[in-house]
Structure formats: C-alpha cells, structure tokens
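The UniProt record's numbering applies: residue 1 is where the sequence shown begins, and numbers increase by one. Notes follow the structure.
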Amino acid sequence: MTPHARPGPPDRAESILSRHARPAPPVPCPPLRFRGWAVVAGSFVVQALCFGAVYSFPAFAASLQASFGASDASVSLVYAISGAMAFAMGAVSGPLADRFGARGPITLGMAVMACGFLLAAVARDFSQVLLCYGLLVGAGAGMAYVPAVAAVQRWFMVWRGLASGLATSGVGAGTAMVPISASLLAPWGDWRVAFLISGVFIAVVGLLAAQLLGRWPEACGMAPDGAAQPVRPDPASLLEGVRIGEALRGRRYPLLLAGSLLLSVPVALPYAEIVATARGAGLAASDALWLLSLVGAGSILGRLALGSLADRMGRDRTLLACCLGVAAMMASWAEARSAAGFIVFALGFGLFQGGFVALLPSVVVDLYGRRSAGALIGVLFTGRALSVLIGAPGMVALAATAGHAVPLWAACGLALLGTFLLSCALRRRRPRKARRSYPLPAVSWPPAQPCSPGHGLRDGHSNGGRAHKGQAASAVFGRAPAKHSQGSMRGRPLRAAGRLVPRPDP
1 MTPHARPGPP DRAESILSRH ARPAPPVPCP PLRFRGWAVV AGSFVVQALC FGAVYSFPAF
61 AASLQASFGA SDASVSLVYA ISGAMAFAMG AVSGPLADRF GARGPITLGM AVMACGFLLA
121 AVARDFSQVL LCYGLLVGAG AGMAYVPAVA AVQRWFMVWR GLASGLATSG VGAGTAMVPI
181 SASLLAPWGD WRVAFLISGV FIAVVGLLAA QLLGRWPEAC GMAPDGAAQP VRPDPASLLE
241 GVRIGEALRG RRYPLLLAGS LLLSVPVALP YAEIVATARG AGLAASDALW LLSLVGAGSI
301 LGRLALGSLA DRMGRDRTLL ACCLGVAAMM ASWAEARSAA GFIVFALGFG LFQGGFVALL
361 PSVVVDLYGR RSAGALIGVL FTGRALSVLI GAPGMVALAA TAGHAVPLWA ACGLALLGTF
421 LLSCALRRRR PRKARRSYPL PAVSWPPAQP CSPGHGLRDG HSNGGRAHKG QAASAVFGRA
481 PAKHSQGSMR GRPLRAAGRL VPRPDP
C-alpha cells in the first residue's frame, strides 16, 4: 500500500460522508448575520404556503359538498391527489434545484399554486375543482417544497438538524393556520371568495419568499454554518457527495426509500381523517377542526425541539425514535374515544411527525452529501406520494366496512415495519478483520493513540514530538516496528497520522 493511498469502500454511495451521521462535537452557534438564516426564513414561508394550501382543503369540504353534491370519497380524492402531487413533483423539482438553484423552481411552483386557486374559484362542477385544486395546487406545492427543503441542507452541516427543524416548522405553522384562516375568510363570502383571496396571497408572498433562497454558501464566499473561509471561484466543485445514480445503485438508499414509503402512510392519515373520526366519536365540527391546529402546534414543537436535540444526540438515532413515536400514536388514535384522547393524540402525533419530517432530509444529506441533495430528497419523497395517494382513500374504504380502528392498527404495523427498514439502512457496518480500514473522521474521533507505551505514534509524533526511527518508517510504509513484527502484534492495524494502516504479516 502506498503511503497516501486511500482504498475505496465496497459501496461508495453508502459510506461517503457517513461520518456526518455521528453527532458533531459542540461548536459555537453560527453568527446571527449569516445568510443561511435568511434561507431558513424563506424556506419556512414557502413550506407554510405549500402545505397550508394542501391541508386546508378539509376546511372547505362541507361547502363544496353542499355546492356540488359531492360524496365523501370524491372530496377525499381531491386531498389525496393534491397531497400526492406535492410529493411526486419532487423527483422533477429536486434535480432542477441541484442544477439551477432553488429560486427558479420555487417561483414556478408559487405561480402554479396561485393559478390553481384562482381557477378553482370559478369552477362550475366538481371535476373542475378536482383538476384545479388537486392537480395544479398540488403540482405547484411539489415544485416549491423539495427545493426549499434541500436549500437549507446545503447551508448548514453542524447545525443542520436545528436549521431543518426551523424551516420545516413552516408546515406545522401552515397547518395550525387552517382553522384561523377559515374563520377570517368566512365573513368575506363562500369558498369561492376564500379561494380567490388565497390565490392572490400566495402569488404575492410566495414570490417574495422565493427571492431569499440562495443557491450555495460557497457562491457567497462562505462555508456552511457561517464559517467565512476563502473558497475557489467554482462553488459547484466544492460540493461533496455522490450523485443520485450512485445512491440508487447502492444497498442503503433503497432501504431508506422503502422505509419512508411505509412510514408515510401513518404520517399522512391524520390530516385527512382526524376531523371525520373525531366527529364520529361525538365531537362538534368546530372542535374537531381545531384538532388540526393541535397537530400543527405539536409539529412545530417537534421540529424545533427534536431538531436541535438531534444535533447533539445524533440525527439518525433521533429519527428512529420519532418513527417509533408515530407508531405509538397510531395505536393511541385507534383507542381514542373522548376529547381528551384526541387531544393527546393530536399533540403527540404532531411532535413525532414533526421530528420525522424535519430529520429525514438531514439524515439523507448526512449520508450522501450536498451535491445531489435535491434529487436525493425528491426521489425519497416520491415514495411518500404513493402513500398519500393510496392511504387516505384506502382508509375511507376500509373504515366504511370495518370501522376506523382496523385501518389505524394497520397503519401502526406499517410504521413499525418502516422503522425496522430505516434502522437497517442507518446501521453502521463494523469492518471485519480482513476488510480494509478507512480514514478516521476528524469530527468524531480523537487523535490516534500510541499502539503501546513508548512505541506509539500520535499523528506522526511521540516522545515530546520526536518519533523513533523505526516508528517513522512504520508510519510511512505501513509496517510494524521490528520489535513488534512478531508475536502478539501480528496482524493488528497501526494507527498513524489519523489513518488506520493494515499491518502485513511477515
């Protein structure tokens, strides 16, 4: 082995940047004037508009049914299509954001969302509402959502969990504003006036928020987390990571895709059915609608608290804990019979669901790097689109024949299975004795310790900074000192200059 040779791992797409999955040591908070916080603010507003629009449809369901005589299944289909499009378009908008930056796709998405609301306001039958609200509003949300999420991941590394939690709390804020917005818009007229006002508001605020989304910190002469460092003129050459094709050919990313697909079913169900199940349990319509606000409030708390905690405790471990919490809340929902039970479920589900949504993109970028962050997150969210499209209508059909408890317990089982798949994907493989060793990440490991008292190396220095001749030769050529080449030291790796060098047997 040459002195500076770095043997490639068995699967480069699986192990590159895996050092970021470990919690980083404590560092000072990024400066308040760091431009990354403006990116976080813009992402917050964009996500609040996207999912406030998608999740607000149940607030207008009764009015639409009265106007067009639509069935419950038809109304649920509108929500399912808009939610599915919001995630499915990520496979298109994510790669576009990687190539051209987040500002363009987000601007296009806000314009499409505004057009969807304005056209739905003049609909003459329910099929036009399905087309305008389900397809256009959902597609516009999808064009903006993934680029807004991926932009935050590029601007932060050490504090990525906190920044992602702050940005994605816009989803919770948008959800919490649904009943408030409905009550504010009610005096102005029926659902047509509400759609018209919503379209104008999205066009103005969304286009302004899109201007805050910068492309890369390197383009501004900065490093992630606000470290002002000299950079090369080409920022794209500095982005570490792998491309989406390499990740898909690996063994870890398909497990992440399958796990997030299964977990997306229980994550999406409450937004579609919590109002109906609460009313079926005897709650008033207004009280049942306020449960959405409690879900949004819990989601904001989960994204902020769990996102910040994950930066210190480990983002991968915190993500798995949130997945288990989602499964537990599905069981709680299945057994809820009173207002107190629904309140506990709404707050608890919002907490764990918020942590899951905030940490999943961060963990993916931790594993694969920032180069293709948009494409990696977008393809991952495509699986969530299938879950939203199948989950909500499937629950309505199953609940009509077997009651609400059966599909909720089934969702609990899917959450547990998805958690198991994610744990398999995030499991760190320990190298076997015959497997080659790799460089030690500086962010997670202390300097190399001596192999034995008086004969070890600490980054090439020992004994007050002077290395013995035999030890220096060992550091360069990867061989053990002569006195340790036999006996108990045979076959053991030599730790030198921050690198594990396999020690050949004589």
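For glycine and all other residues, C-beta sits at the position ideal for the given N, C-alpha and C. These numbers come from a predicted model, not from an experiment.
Nearest neighbour of residue 266 by Cα position, chosen from 326, 289 and 275, turns out to be 326. Taken in chain order, no unbroken stretch of beta strand (DSSP E) lies wholly in the stretch 156 to 188 with a span of 3 residues or more. One alpha carbon belongs to residue 137, the other to residue 143, and they sit about 10 Å apart.
Beyond the five residues adjoining it in sequence on each side, residue 406 comes within less than 7 Å, by CB distance, of 398 in the same chain, given in chain order. The three-state secondary structure of residue 69, taken from DSSP, is coil. Residues 383, 384, 387 and 388 of the same chain have their beta carbon placed closer than 7 Å to that of residue 264, with the five preceding and five following residues left out of the count. In the structure shown, residue 283 adopts coil according to DSSP, grouped into three states. Here the alpha carbons of residue 245 and residue 360 stand approximately 20 Å from one another.
Taking all protein chains shown into account, residue 375 has 16 or more neighbouring C-beta atoms within 10 Å of its C-beta and is therefore buried.
A residue is called buried when at least 16 other Cβ atoms come within 10 angstroms of its Cβ; residue 295 meets this threshold and is buried. Going by C-alpha positions, residue 299 is about 30 Å away from residue 188. Per DSSP, the unbroken alpha helix (DSSP H) holding residue 425 starts and ends at 405 to 426.
Pairing residue 333 with residue 85, the inter-Cα distance amounts to about 27 Å. The alpha helix (DSSP H) runs of length 4 or more contained entirely in the stretch 305 to 376 are, from start to end of the chain, 307 to 313, 315 to 334 and 339 to 368.
Per DSSP, the continuous alpha helix (DSSP H) segment holding residue 205 begins and ends at 191 to 210.
Burial check for residue 215: the Cβ neighbour count within 10 Å reaches 16 or more, so the residue is buried. DSSP places residue 119 in the uninterrupted alpha helix (DSSP H) bounded by 103 to 120. A contact is defined here as three or more CB-CB pairs under 8 Å, and the stretch 167 to 175 fails this definition with respect to the stretch 69 to 79.
Annotation for residue 40: 152, 163, 166 and 167 place their beta carbon closer than 7 Å to its own, counting only its chain and skipping 5 residues before and after.
Distance from the Cα of residue 355 is smallest, within the candidate group 363, 303 and 320, for 303. Residue state for residue 123 is assigned as coil, using DSSP reduced to three classes. DSSP places residue 290 in the helix class (H, G or I) of the three-state scheme.
With at least 16 other beta carbons inside 10 angstroms of its own, residue 129 counts as buried. Taken through DSSP and simplified to helix, strand or coil, residue 223 comes out as coil. Put simply, of 262, 276, 351 and 281 the residue whose alpha carbon is nearest the alpha carbon of residue 305 is 351. Between residue 91 and residue 378, the beta carbon gap of about 5 Å places them in contact (Cβ cut-off 8 Å). Contact between residue 272 and residue 76 holds, since their C-beta atoms are separated by about 6 Å, short of 8 Å. Per DSSP, the unbroken alpha helix (DSSP H) holding residue 93 starts and ends at 90 to 100.
When the beta-carbon positions are compared, residue 329 and residue 348 come within less than 7 Å of each other. Taking residue 412 as the centre and dropping the five residues before and after it, the same chain places the C-beta of 327, 330 and 331 closer than 6 Å to its C-beta, in chain order. Bounds of the alpha helix (DSSP H) holding residue 37 are 36 to 55. The residue among 380, 346, 321 and 200 with its C-alpha nearest the C-alpha of residue 252 is 380.
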